[in-house]
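Visitor:
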Amino acid sequence: MAAVADPDEDLVRRVGQGDPAAIQAMVARKLPRMMALAQRMLGDAVEAEDVAQEAMMRAWKQAPRWTPGRAKFDTWLHRVALNLCYDRMRRRREVLMEVTPDRPDPGPAPDRGLLAAELGARVDGALKALPERQREAIVLCHYQELGNIEAAGLMGVSVEALESLLGRGRRALRAALADLAPGASPDAIGGRG
Amino acid sequence: MNADRMRDLAEVWGGDLRRWPETERRAAEAFSRSAPEAAERALFAARQLDAALDAAPRPAVSAALRDRVIASAAAAGLRARTVWPGLRKLLWVGGAGWAAAACAGVVFGQVLTSDFERQVQLDVVLEQASVGGLDDTAVLG
Numbered sequence: 001m002a003a004v005a006d007p008d009e010d011l012v013r014r015v016g017q018g019d020p021a022a023i024q025a026m027v028a029r030k031l032p033r034m035m036a037l038a039q040r041m042l043g044d045a046v047e048a049e050d051v052a053q054e055a056m057m058r059a060w061k062q063a064p065r066w067t068p069g070r071a072k073f074d075t076w077l078h079r080v081a082l083n084l085c086y087d088r089m090r091r092r093r094e095v096l097m098e099v100t101p102d103r104p105d106p107g108p109a110p111d112r113g114l115l116a117a118e119l120g121a122r123v124d125g126a127l128k129a130l131p132e133r134q135r136e137a138i139v140l141c142h143y144q145e146l147g148n149i150e151a152a153g154l155m156g157v158s159v160e161a162l163e164s165l166l167g168r169g170r171r172a173l174r175a176a177l178a179d180l181a182p183g184a185s186p187d188a189i190g191g192r193g
Numbered sequence: 001m002n003a004d005r006m007r008d009l010a011e012v013w014g015g016d017l018r019r020w021p022e023t024e025r026r027a028a029e030a031f032s033r034s035a036p037e038a039a040e041r042a043l044f045a046a047r048q049l050d051a052a053l054d055a056a057p058r059p060a061v062s063a064a065l066r067d068r069v070i071a072s073a074a075a076a077g078l079r080a081r082t083v084w085p086g087l088r089k090l091l092w093v094g095g096a097g098w099a100a101a102a103c104a105g106v107v108f109g110q111v112l113t114s115d116f117e118r119q120v121q122l123d124v125v126l127e128q129a130s131v132g133g134l135d136d137t138a139v140l141g
């Protein structure tokens, strides 16, 4: 198997040696990514902080014994954080089994102008309302900017299945946010235009 | 690649060709070069959705979380290590040895100096006594 080129290789090696500057650089490079991943997957800032902190703790333990060339460290870290998110989502499902799930706020009327914060909240709400696997596909490909093969590997699906999840997710978002575009026709955002 | 195919792919992968699968990206880039206006139209709607997605708030990392994570590195056993810890010990012991030798030299020097001074003082006294004796002889005859 060909060695995997990893942009984090040198940084991981120095972290493994306990280099304080490398530890700070790793935090600057990875903590925001883990926080973003967890918050978009879980939709809860407090839980996302717990996940991000635990993922970084596992990164510290892994760094001294990391073998370069076998995988990207960033992909491994995403795997760790995603598993932590899955655990929490599973626990939530168990707790909320009998409770009717919240429906997202349908948002303001189509003719009302939106401030940036309101727009952000609408998009956030639409993302949260997506089925988990569709949301995961969009989070990994759009927000985390992972490649299609990498994202499919992390989700344990084929690239074709990822493509299907992404397509359905984006169509659902387009429908949920249709009123935001000028003219507010159902195809106004992301549709055939 | 044509405009319809490009639009279909954009609905899945978004309006930024850099996010597309490599195999499709090359064909899309070639189409964009050959028919830029058609390509822009095909990507427009997907780019609107991308822009909406980017309007979602970006989760922030608090300073407290950052500090906790940095502190957790030490808790996980990550500490700066020297390459040859034995060498540092050896150098320290060597340095201490040199310092002790220097102190001993100073003490020895002081003792030697004071002994020497005492001897000189004694010689002066004896010399003065001898000179005094000579004077007495000379005076007394």
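Those sequence lines, one after another, are chains A and B.
For the first sequence, the UniProt record's numbering gives the first residue as 1, with consecutive numbering after it.
For the second sequence, the UniProt record's numbering gives the first residue as 1, with consecutive numbering after it.
We put the CB at the ideal spot given by N, CA and C, even for glycine.
Determine contact between the segment 57 to 64 of chain A and the segment 56 to 76 of chain B, defined as no fewer than three beta-carbon pairs at a distance below 8 Å.
Guide: yes
Visitor: At the level of alpha carbons, what is the spacing between R66(B) and D4(B)?
Guide: For the purposes of this step, residue 66(B) is taken as the residue at position 66 of the second sequence. For the purposes of this step, residue 4(B) is taken as the residue at position 4 of the second sequence. Each residue's Cα considered, the two are about 47 Å apart.
Visitor: What's the gap between the Cα of A176(A) and the Cα of A126(A)?
Guide: Translated into the one-based positions of the first sequence, residue 176(A) becomes position 176. Translated into the one-based positions of the first sequence, residue 126(A) becomes position 126. One C-alpha to the other measures close to 6 Å.
Visitor: Just list the alpha helix (DSSP H) runs in the UniProt domain "RNA polymerase sigma-70 region 2" (27 to 93) of chain A, keeping only unbroken ones of 4 residues or longer that don't cross its boundaries, in chain order.
Guide: 45 to 62
Visitor: When you check each C-beta in the segment 2 to 17 of chain A against every C-beta of chain B, which residues fall closer than 8 Å?
Guide: V15, G16, Q17
Visitor: Should R174(A) be flagged as near chain C, meaning a C-beta pair shorter than 8 Å?
Guide: Given the protein chain composition of this structure (A and B), no chain C is represented.
Visitor: Buried or exposed: A28(A), going by 16 or more other Cβ atoms within 10 Å of its Cβ?
Guide: As a position in the first sequence, residue 28(A) is number 28, starting the count at 1. A28(A) comes out exposed.
Visitor: Helix, strand or coil for M1(B)? Go by DSSP, reduced to three states.
Guide: The residue given as residue 1(B) occupies position 1 in the second sequence. The answer is coil: DSSP assigns M1(B) none of H, G, I, E or B.
Visitor: So, helix, strand or coil for G120(A), using DSSP?
Guide: If you number the first sequence from 1, residue 120(A) lands on position 120. Three-state result, G120(A): helix.
Visitor: Taking beta-carbon pairs under 8 Å, can you tell me which members of the segment 19 to 32 of chain A lie near chain B?
Guide: D19, P20, I23, Q24, V27, L31, P32
Visitor: Determine the closest residue to P32(A) out of R90(A), L130(A), A81(A), with distance taken between C-alpha atoms.
Guide: As a working note, residue 32(A) is residue 32 in the first sequence. Nearest of R90(A), L130(A), A81(A) to P32(A), Cα basis: A81(A).
Visitor: Let me see if you follow: with CB-CB separation under 8 Å, is G120(A) close to chain B or not?
Guide: Position 120 of the first sequence, counting from 1, holds the residue named residue 120(A). Yes - at least one Cβ of chain B is within 8 Å of the one on G120(A).
Visitor: Within a Cβ cutoff of 8 Å, which residues of the same chain sit near R135(A), ignoring the five residues on either side of it in sequence?
Guide: If you number the first sequence from 1, residue 135(A) lands on position 135. Contacts found: R40, M41, L127, K128, G169.
Visitor: In the segment 31 to 45 of chain B, which residues sit with their C-beta less than 8 Å from some C-beta in chain A, listed in chain order?
Guide: R41, F44, A45
Visitor: Using DSSP with H/G/I as helix, E/B as strand and the rest coil, what is G153(A)?
Guide: As a position in the first sequence, residue 153(A) is number 153, starting the count at 1. G153(A): helix per DSSP, three-state reduction.
Visitor: Should D74(A) go down as buried or exposed, given a rule of 16 or more other Cβ atoms within 10 Å for buried?
Guide: Mapped onto the first sequence, residue 74(A) falls at position 74. So D74(A) ends up on the buried side.
Visitor: If you measure between the beta carbons of R133(A) and L180(A), is that distance less than 8 Å?
Guide: Position 133 of the first sequence, counted from the first residue, corresponds to residue 133(A). Position 180 of the first sequence, counted from the first residue, corresponds to residue 180(A). No, the pair does not count as a contact, with Cβ atoms beyond the cut-off.
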